[in-house]
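Participant: Residue numbers (my numbering): 9 to 288. Using N, Cα and C, we set each Cβ at its ideal position, and we do this for glycine too. Fair warning: this is a prediction, and the values are worked out from it, not measured in the lab. Handing you this structure, nothing more for now.
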Ligand SMILES: [Zn+2]
């Protein structure tokens, strides 16, 4: 038996069930979440390898690529330290030929975007080169798919708990453009009083928190989770989840009514009221 196969068998003997589809199906593969492509030189933090069935592992390859490209493009200081970004962008163009049509802003759109944010290009720079991107439907769909997997991965990593398919997960997310507009990470600030763990993430002593970092909170009854995650300077996720089906959905519905306006800070991505179809 090869070394790789032996390691896989050993891993699966300790982690028997796929954590992505409810914890009832036997796992046969290892899924990396976040995807390794998101990290410079594919150096992903230790332990972010999860037991997965084949369908769950194959389900999100396009979405993983979109998320990795956005995380890198949105972190200009280090997002392309390994020189892989252009190759990844080309790969995305092959997989999703329509993607860039709506993702990369036209000159007019770029100028409007930048004006709205109150930012001006430097000398010799165009508005398009400022890197403010259009968040299109495909990006939104990819983030939803990714957030669902990430929540399950982090929860398993931190607590050993596995979300069932009928349990609720809800998402709020924002980009660096929102941070400029709001003058800070508003939602993180609102939630800063909630206790949680923010682990140092590393592999071979390389600290990776600049690329991926999170705060994980779990209620005493192990029923509610809250994850606040940062992907470099690019985008930010807040995911809340509940292991009692229907409970969180009702709570969110009530919050929505209390706010008395057409704004729901959290979108249900799994559970009652979630969009059941994988958006394309
Ligand atoms: Zn599965």
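In the DSSP assignment, what are the bridge partners of residue 180?
Facilitator: 246
Participant: Tell me which residues share the same chain as residue 287 and place their Cβ nearer than 6 Å to its Cβ, disregarding the 5 neighbours each side in the sequence.
Facilitator: Note that residue 287 scores 48 on pLDDT, short of 50, meaning its location in the model is unreliable; the coordinates nonetheless yield the value given after this. Answer for residue 287: 149, listed in chain order.
Participant: Beta carbon of residue 58: closer than 7 Å to some heavy atom of ligand 1?
Facilitator: no
Participant: Which value, in whole angstroms, describes the spacing of the CA atoms of residue 199 and residue 247?
Facilitator: 12 Å
Participant: Can you find a heavy atom of ligand 1 that lies under 7 Å from the Cβ of residue 33?
Facilitator: yes
Participant: Just to confirm the assignment, what range does the alpha helix (DSSP H) spanning residue 120 have?
Facilitator: 115-125
Participant: Hey, residue 250 and residue 157: beta-carbon distance below 8 Å or not?
Facilitator: no
Participant: Quick check: does the Cβ of residue 64 come within less than 7 Å of any heavy atom belonging to ligand 1?
Facilitator: yes
Participant: So what does residue 205 bridge to, in DSSP terms?
Facilitator: According to DSSP, residue 205 bridges with 224.
Participant: Go ahead and pull the three-state DSSP assignment for residue 63.
Facilitator: helix
Participant: Among 29, 17, 176, 102, which residue has its Cα nearest to the Cα of residue 252?
Facilitator: 176
Participant: In terms of DSSP beta bridges, what is residue 37 paired with?
Facilitator: 60
Participant: Are the stretch 123-131 and the stretch 167-182 touching, with three or more C-beta to C-beta distances below 8 Å?
Facilitator: no
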